[in-house]
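Q:
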Amino acid sequence: MKRSRLSFWCFVAPSLLAFIIVVIIPLFFGIYYSFTDWNGINADVNFTGLRNYQKIFTDNHFRGSFFFTLKFTIVSVLIINLLGFALALLVTRGLKLSNVFRTIFFMPNLIGGIILGFIWQFIFISVFGAIGEYTGWNSLMGWLATTETSFWGLVILMAWQLSGYVMVIYVAAIQGIPGELVEAAQIDGANSWQRIRHIVLPLVRPAFTVSLFLTLSNSFKLYDQNLSLTAGGPARTTEMLAMNIYNTAFSFNRMGEAQAKAVIFLIIVGIFTLTQVYVSKKGEVEM
Amino acid sequence: MERQRRKMLVLSLLLVFILSFSMIASAVVVDVFQFKVETKDVLEKAARLYMEENPGVEVRIQTVGGGDDYGAALRARFASGNEPVIFNVGGPQDVEDWLAYLEDLSDQPWVALAYQGVLDGVTVDGKVYGLPFNQEGYGFIYNKRIFEKAGIDADKIRTFDDLVEALDILEAKKDELGLRAPLAFAPKEKWITGLHLSNVAFSQEFGDVLTAYAAKEVEFKYGEQLKMLVDLQTKYAYKPGGLAATLNALDYATQVEGLFSLERVAVVQQGNWVFNSIASIDEELAANIGILPIPLKGVIEDSIPVGIPMYWAVNKNRPEAEKEAAKDFLNWLYTSPTGKELIINEFKFIPAISGYDGLKPSDPLGQDVLRYSEEGRTMSWVFMGYPSGWGEQVLGANIQAYLAGNMTWDELVEACKQEWAEARK
Numbered sequence: 184m185k186r187s188r189l190s191f192w193c194f195v196a197p198s199l200l201a202f203i204i205v206v207i208i209p210l211f212f213g214i215y216y217s218f219t220d221w222n223g224i225n226a227d228v229n230f231t232g233l234r235n236y237q238k239i240f241t242d243n244h245f246r247g248s249f250f251f252t253l254k255f256t257i258v259s260v261l262i263i264n265l266l267g268f269a270l271a272l273l274v275t276r277g278l279k280l281s282n283v284f285r286t287i288f289f290m291p292n293l294i295g296g297i298i299l300g301f302i303w304q305f306i307f308i309s310v311f312g313a314i315g316e317y318t319g320w321n322s323l324m325g326w327l328a329t330t331e332t333s334f335w336g337l338v339i340l341m342a343w344q345l346s347g348y349v350m351v352i353y354v355a356a357i358q359g360i361p362g363e364l365v366e367a368a369q370i371d372g373a374n375s376w377q378r379i380r381h382i383v384l385p386l387v388r389p390a391f392t393v394s395l396f397l398t399l400s401n402s403f404k405l406y407d408q409n410l411s412l413t414a415g416g417p418a419r420t421t422e423m424l425a426m427n428i429y430n431t432a433f434s435f436n437r438m439g440e441a442q443a444k445a446v447i448f449l450i451i452v453g454i455f456t457l458t459q460v461y462v463s464k465k466g467e468v469e470m
Numbered sequence: 058m059e060r061q062r063r064k065m066l067v068l069s070l071l072l073v074f075i076l077s078f079s080m081i082a083s084a085v086v087v088d089v090f091q092f093k094v095e096t097k098d099v100l101e102k103a104a105r106l107y108m109e110e111n112p113g114v115e116v117r118i119q120t121v122g123g124g125d126d127y128g129a130a131l132r133a134r135f136a137s138g139n140e141p142v143i144f145n146v147g148g149p150q151d152v153e154d155w156l157a158y159l160e161d162l163s164d165q166p167w168v169a170l171a172y173q174g175v176l177d178g179v180t181v182d183g184k185v186y187g188l189p190f191n192q193e194g195y196g197f198i199y200n201k202r203i204f205e206k207a208g209i210d211a212d213k214i215r216t217f218d219d220l221v222e223a224l225d226i227l228e229a230k231k232d233e234l235g236l237r238a239p240l241a242f243a244p245k246e247k248w249i250t251g252l253h254l255s256n257v258a259f260s261q262e263f264g265d266v267l268t269a270y271a272a273k274e275v276e277f278k279y280g281e282q283l284k285m286l287v288d289l290q291t292k293y294a295y296k297p298g299g300l301a302a303t304l305n306a307l308d309y310a311t312q313v314e315g316l317f318s319l320e321r322v323a324v325v326q327q328g329n330w331v332f333n334s335i336a337s338i339d340e341e342l343a344a345n346i347g348i349l350p351i352p353l354k355g356v357i358e359d360s361i362p363v364g365i366p367m368y369w370a371v372n373k374n375r376p377e378a379e380k381e382a383a384k385d386f387l388n389w390l391y392t393s394p395t396g397k398e399l400i401i402n403e404f405k406f407i408p409a410i411s412g413y414d415g416l417k418p419s420d421p422l423g424q425d426v427l428r429y430s431e432e433g434r435t436m437s438w439v440f441m442g443y444p445s446g447w448g449e450q451v452l453g454a455n456i457q458a459y460l461a462g463n464m465t466w467d468e469l470v471e472a473c474k475q476e477w478a479e480a481r482k
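Structure below.
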């Protein structure tokens, strides 16, 4: 008994220690700095109470960032998961090329966010621009120059990158459904839509929980794609929360205020993701 | 037998390790953390040459790309405890922020050689904290061949109206000249508008960088003239979708490489630092370019802004030996014959200190900047004295909103004034 406890701690301690050092301690430091006027360099740090938090509620850019991020998250979570699920259904139908398709759909996910951003920037600005010039369609010109086109640019980029990833999760879930269940339904006369609706969907609920969580938190915390595709432009209207926090800290040198924003950000992300996990867990069915 | 051999191997490896460590330990290490990506290779070459002359010193160069990134990376570097000996500071704001780390360099030989005013930004209470990298200047860079073909005499362009006239001619003849538009404007890069262009107006409002740095408020005394410069560039710029708003997606690479270097436009607002990018695309074009003044109508119309982009600083908290070696390296680079040769011919710098007689910049843009300096047709750089982030994230971002039609100029002025006052409270 004693021995197993020892080995328990032997295995847990290293990662626990790492977790405490890189997550827990910085978290408390961050909370402490959110009550100060630290500029990120100076040693003299003054306690300012709740002033940073008060400032945030009158900060128009932060409010703008919040609603932009929220809008982006809702739209991209929907699109990524619908697309991912559709792709998963497609590649589990036993087509000859399904393995090839799986690889292709998953591939965008292997490219880093910054590079993806630059690739899509080239597509939206230069490729769209060239096509627009050739065909005379003005709607293809000047992408990423307005808030709307930048918004859809980001959504397209994220959908392209992440739907392959959630596809893999859905594929695993769909393959985990016992074949006899589907077969039985088929014999009972259920058509393919009915099979998806009443057999597949309820049984992949756990995969939905996981994928929604991943895409939700990913979209909320998005930074690198945002940086390389639009860099917050035009006029800081596509600056998401993470970038707003970074700019406050490193462009305006207001580390304390940025920390306060980060604390609020943590709470917001926590509320959204926990609610989502709770709600979607409730609907899961056991086999 | 096998065992013995293994033992020998381990021992000899150990010996190699100890030897190499002791060799490193015996040299004084000068850690350099710098921002100028364009001259990274040359700086490394300079470090090699210096180490050949001074065997007891090892100079290690680390470069992190320009602009915002450098400031954040530097902070991260200091926070990690792995502090460099030589690093870069930009101006009064940086000096104030980093003062606890800055070594007093007033006793260095180059201080006496510095040109009038170039040390102002890094002088606090009579103490000098930085060695100026070089002088840089910017204005409207123009294509001499196209100007000639269009029959425009660039030397005669001395006022705002002259410039408008020249651009009108280019606009009228653009099909014949093979141009898409007279000029390229890249407000996506907020430093082009928020720092460089705005400097033309604010250098006249404040006079010098320290006044700007001390100012509690900004007046926009020449706001109307600044608006004219923004509108002028917008009017004659190549606009991808035909609307002013589409300029907000036009970046530096498109402006300088995609449009100017391929001779699709004849004018861009840029500085002498673009020479190498243009030369790497079209050597012949690069030999045939010059700088026109940026005219602030009715105030100062025939000058270009010339200033110091960055300063070298020495970290006060490092051991004495390292600091001495660091100072010696900087001194060697800027005042020894070998160093001077490198500065002019390889770095292609326009030095901010005297003593370079007989050495002239080899590229036409550098020569032009020098010519403006010698003729006294310059204005100072004050944007290093704006509140942190104000130039790019406030003014530059608001100019984008103005171009997109989401903000009027008056609203822009109000918003920018407010943010300035807020930051300086």
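Top to bottom, those sequences are chains V and Z.
Letter by letter, the first sequence follows residues 184 to 470 of the working numbering.
Letter by letter, the second sequence follows residues 58 to 482 of the working numbering.
Glycine included, C-beta positions come from ideal geometry on N, C-alpha and C.
Taking the runs of the alpha helix (DSSP H) that are 4 residues or longer, which of them lie wholly in the segment 112-167 of chain Z?
A: 125-136, 149-155, all fully within the segment 112-167 of chain Z.
Q: List the residues of chain Z that V:L327 touches, going by C-beta distances under 7 angstroms, in chain order.
A: To locate residue 327 of chain V, count along the first sequence from 1; it is residue 144. Under the 7 angstroms cutoff, chain Z gives A306.
Q: Which residues of chain V have a Cβ atom closer than 7 angstroms to the Cβ of Z:T303, listed in chain order?
A: Position 246 of the second sequence, counted from the start, is the residue given in the question as residue 303 of chain Z. Result: M324, G325, A328.
Q: Return the chain-ordered list of same chain residues with a C-beta closer than 8 angstroms to the C-beta of V:R186, the five sequence neighbours on each side being excluded.
A: Residue mapping note: residue 186 of chain V aligns to position 3 of the first sequence, counting from 1. Within the same chain, V:R186 has no close Cβ partners at all.
Q: Report the neighbours of V:S434 on chain Z: residues whose CB is nearer than 8 angstroms to its CB, in chain order.
A: If you number the first sequence from 1, residue 434 of chain V lands on position 251. Result: D125, S445, G446, E449, Q450.
Q: Which one or two residues does DSSP pair with Z:P189 in a beta bridge?
A: One-based indexing of the second sequence puts residue 189 of chain Z at position 132. Answer is Z:Y368, bridged to Z:P189.
Q: Which of the residues in the segment 133-155 of chain Z, read from start to end, lie with their CB under 7 angstroms from any CB of chain V?
A: Hits within the stretch, in order: D154, W155.
Q: DSSP state of V:F403, grouped into three classes?
A: Residue 403 of chain V sits at position 220 when you count from the first residue of the first sequence. It is helical.
Q: Which full runs of the alpha helix (DSSP H) of 4+ residues lie inside the segment 235-302 of chain V, going along the chain?
A: Those alpha helix (DSSP H) runs which fall completely within the segment 235-302 of chain V and span 4+ residues are 243-274, 281-289.
Q: Less than 9 angstroms between the C-beta atoms of Z:T180 and Z:Y172, yes or no?
A: For this step, residue 180 of chain Z is matched to residue 123 along the second sequence. For this step, residue 172 of chain Z is matched to residue 115 along the second sequence. No, the pair does not count as a contact, with Cβ atoms beyond the cut-off.
Q: Measuring only the C-alpha atoms, how far is V:T256 from V:L337?
A: Reading the first sequence from its first residue, position 73 is the one you call residue 256 of chain V. Reading the first sequence from its first residue, position 154 is the one you call residue 337 of chain V. So the alpha carbons of these two residues sit roughly 10 angstroms apart.
Q: Quick one: complete alpha helix (DSSP H) runs, 4+ long, within the segment 183-245 of chain Z?
A: DSSP runs (the alpha helix (DSSP H)) wholly in the segment 183-245 of chain Z: 201-207, 217-229, 231-234.
Q: Just mark Z:G124 as buried or exposed, buried being the case when its beta carbon has 16 or more other beta carbons within 10 Å.
A: In the second sequence, the residue the question calls residue 124 of chain Z occupies position 67. Because Z:G124 carries a pLDDT of 48, less than 50, the predicted location of this residue cannot be relied on, and no value is offered for it.
Q: So, for Z:A336: in the same chain, excluding its five sequence neighbours on each side, which residues have a beta-carbon less than 6 angstroms away from its beta-carbon?
A: What you label residue 336 of chain Z is simply residue 279 of the second sequence in a count that begins at 1. Excluding positions up to five away in sequence, the list reads A343.
Q: Could one say the Cβ of Z:L390 lies closer than 9 angstroms to chain V's Cβ atoms, at least one of them?
A: Within the second sequence, numbered from 1, the residue matching residue 390 of chain Z stands at position 333. For Z:L390, the answer is no, since every Cβ of chain V falls outside 9 angstroms of its Cβ.
Q: How close, in whole Å, do the beta carbons of V:V446 and V:G213 come, if the pair is a contact with beta carbons under 8 angstroms?
A: Here residue 446 of chain V refers to the residue found at position 263 of the first sequence. Here residue 213 of chain V refers to the residue found at position 30 of the first sequence. Yes, V:V446 and V:G213 are in contact; Cβ-Cβ is about 7 angstroms, under 8 angstroms.
Q: Would you report the Cα separation of Z:D161 and Z:R434, rounded to the nearest angstrom?
A: Residue mapping note: residue 161 of chain Z aligns to position 104 of the second sequence, counting from 1. Residue mapping note: residue 434 of chain Z aligns to position 377 of the second sequence, counting from 1. Cα to Cα, the separation comes out at about 32 angstroms.
Q: If distances are taken between C-alpha atoms only, which option among Z:D467, Z:D385, Z:E274, Z:Y429 comes closest to Z:K113?
A: On the second sequence, position 56 is the one that residue 113 of chain Z refers to. Here the sequence assigns Gly to residue 113 of chain Z, which means Lys is not the residue at that position. Comparing Cα-Cα distances from Z:G113 to each of Z:D467, Z:D385, Z:E274, Z:Y429, the minimum goes to Z:D385.
Q: Identify, in the order they occur along the chain, each residue of the same chain with its Cβ nearer than 8 angstroms to the Cβ of V:I239, setting aside the five sequence neighbours on each side.
A: Sequence index remark: in the first sequence, residue 239 of chain V carries index 56 (1-based). The residues are F245, E440, A443, K444, I447.
Q: Could you give the distance in angstroms between the alpha-carbon of Z:Y443 and the alpha-carbon of Z:P418?
A: Translated into positions along the second sequence, residue 443 of chain Z becomes position 386. Translated into positions along the second sequence, residue 418 of chain Z becomes position 361. If you take the alpha carbons of Z:Y443 and Z:P418, they lie about 30 angstroms apart.
Q: Looking at the unbroken alpha helix (DSSP H) that takes in Z:G448, where does it start and where does it end?
A: The sequence position of residue 448 of chain Z within the second sequence is 391, counting from 1. Taken as a continuous stretch (DSSP letters only), Z:G448 belongs to no alpha helix (DSSP H), as it is neither H nor E.
Q: Rounded to the nearest angstrom, what separates V:T275 and V:V462 at their Cα positions?
A: One-based indexing of the first sequence puts residue 275 of chain V at position 92. One-based indexing of the first sequence puts residue 462 of chain V at position 279. Answer to the nearest angstrom: the Cα atoms are 28 angstroms apart.
Q: Using a cut-off of 7 angstroms between C-beta atoms, extract the partners of Z:P297 located in chain V.
A: On the second sequence, residue 297 of chain Z is found 240 positions in, with the first residue counted as 1. Those within 7 angstroms of Z:P297 in chain V are G312, M324, G325.
Q: Which of the three DSSP states, helix, strand or coil, is assigned to Z:P352?
A: Reading the second sequence from its first residue, position 295 is the one you call residue 352 of chain Z. Three-state result, Z:P352: coil.
Q: Given a threshold of 16 other Cβ atoms within 10 Å of its Cβ, counted over all protein chains shown, does Z:Q475 qualify as buried or as exposed?
A: Here residue 475 of chain Z is taken as the residue at index 418 of the second sequence, counted from 1. Its Cβ having fewer than 16 others within 10 Å, Z:Q475 is exposed.
Q: Identify every residue that forms a DSSP beta bridge with Z:V501.
A: Residue 501 of chain Z is absent from the structure shown; chain Z starts at 58 and stops at 482.
Q: Is it the case that the segment 369-382 of chain V contacts the segment 321-334 of chain V, given that we only count it when at least three CB pairs across the two stretches are under 8 angstroms?
A: The segment 321-334 of chain V vs the segment 369-382 of chain V: no contact.
Q: Compute the distance between the beta-carbons of V:T252 and V:L405, then report whether it is under 9 angstroms.
A: As a first step, residue 252 of chain V must be located in the first sequence, where it is residue number 69. As a first step, residue 405 of chain V must be located in the first sequence, where it is residue number 222. Against a cut-off of 9 angstroms, the Cβ pair of V:L405 and V:T252 comes out as a contact.
Q: Considering only the alpha carbon of each residue, which of Z:E471, Z:K273, Z:Q261 lies closest to Z:K482?
A: Taking the second sequence and counting its residues from 1, one reaches residue 482 of chain Z at position 425. That would be Z:K273, whose Cα lies nearest to the Cα of Z:K482.
Q: DSSP state of Z:T435, grouped into three classes?
A: Here residue 435 of chain Z corresponds to residue number 378 of the second sequence, with the count starting at 1. Of the three classes helix, strand and coil, the one that applies to Z:T435 here is strand, per DSSP.
Q: Answer yes or no: do Z:V266 and Z:I410 have a C-beta to C-beta separation smaller than 9 angstroms?
A: Taking the first residue of the second sequence as position 1, residue 266 of chain Z is located at position 209. Taking the first residue of the second sequence as position 1, residue 410 of chain Z is located at position 353. No, these two residues do not count as a Cβ contact at 9 angstroms.
Q: Let me check understanding here. Comparing Cα to Cα, which of Z:N145, Z:N388, Z:G251, Z:D219 lies closest to Z:G280?
A: Within the second sequence, numbered from 1, the residue matching residue 280 of chain Z stands at position 223. Out of Z:N145, Z:N388, Z:G251, Z:D219, Z:G251 has the C-alpha closest to the C-alpha of Z:G280.
Q: I'd like to know whether the C-beta of V:N229 is nearer than 9 angstroms to at least one C-beta of chain Z.
A: The residue labelled residue 229 of chain V in the question sits at position 46 within the first sequence. No, its Cβ sits nowhere closer than 9 angstroms to a Cβ of chain Z.
Q: Kindly indicate which three-state DSSP category Z:G298 falls into: helix, strand or coil?
A: Position 241 of the second sequence, counting from 1, holds the residue named residue 298 of chain Z. Residue state, collapsed to three classes: coil.
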